[in-house]
Amino acid sequence: MEMKERFFEEAKKESHLSDYHGQHIGAVAVYKDKFILARAHNTLKTNPTQYFYNRYRADERNNIMSKPARAHAETNLYRKIRYLDIDFSDVVVYIYRELKDGSLALSAPCKSCEHILERLGVRTVCYTVDNGYMERKFYPKKA
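This is how it looks when you write it as structure tokens:
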């Protein structure tokens, strides 16, 4: 089994722990393509960190700030690894989502989770899409 497949398999296991009524999403943070730093999944629990970053998802059509801030897998992952003294550009985050019939579904980070990961310094995110996996690179913003 290829390393990426192994890490997606771990994210899949984590997604099965989700108590969210809708989609079940799991995420793992991998350091230097060698070992897993942390695992997390989305949950029904509200989270002040999620509430703070939800402002990046808000627009006129979507009154997201008036809704409970249910914790996303990426936010829960961030809360587990944010104090580590490492170079986060060496971290790859794998995000997994499947539908009830077992088929893969899009699990790209939302705007708030993108912002969290970029702020942390993560440069690579791999996520499921309808027919497989996708890799996305973030680049540091110029000052």
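Residue numbers (the numbering used here): 181 to 323.
For each residue, glycine too, the CB sits at the ideal point set by N, CA and C.
Quantities reported herein were computed from a predicted structural model and do not represent experimental measurements.
Between A249 and G206, the CB-CB gap reaches or exceeds 7 Å.
Counting along the chain, the unbroken beta strand (DSSP E) around M314 starts and ends at G312 to K317. DSSP places H204 within a strand segment (E or B) once states are collapsed to three. Contiguous beta strand (DSSP E) elements confined to the segment 181-250 occur at 204-211 and 215-221, taking only those with 3 or more residues.
Shown here, L264 sits in coil according to DSSP, grouped into three states, outside any helix or strand.
With fewer than 16 other CB atoms across the displayed protein chains lying within 10 angstroms of its CB, P228 is exposed. As a beta-bridge residue in DSSP terms, L284 pairs with E278. It is roughly 31 Å from the alpha-carbon of Y236 to the alpha-carbon of G282. Ranked by Cα distance from Y263, the first of N311, L217, H196 and V208 is L217. About 7 Å separates the CB atoms of V271 and V210; that is less than 8 Å, so the two are in contact. Cα atoms of R259 and Y200: separation of roughly 18 Å, rounded to the nearest angstrom.
Less than 7 Å divides the Cβ of S292 from the Cβ of Y233.
Within the DSSP bridge table, the entry for V309 names G312 as partners. Pairing S246 with I266, the inter-Cα distance amounts to about 35 Å.
Residues D199, Y200, H201 and R250 of the same chain have their beta carbon placed closer than 8 Å to that of L224, with the five preceding and five following residues left out of the count.
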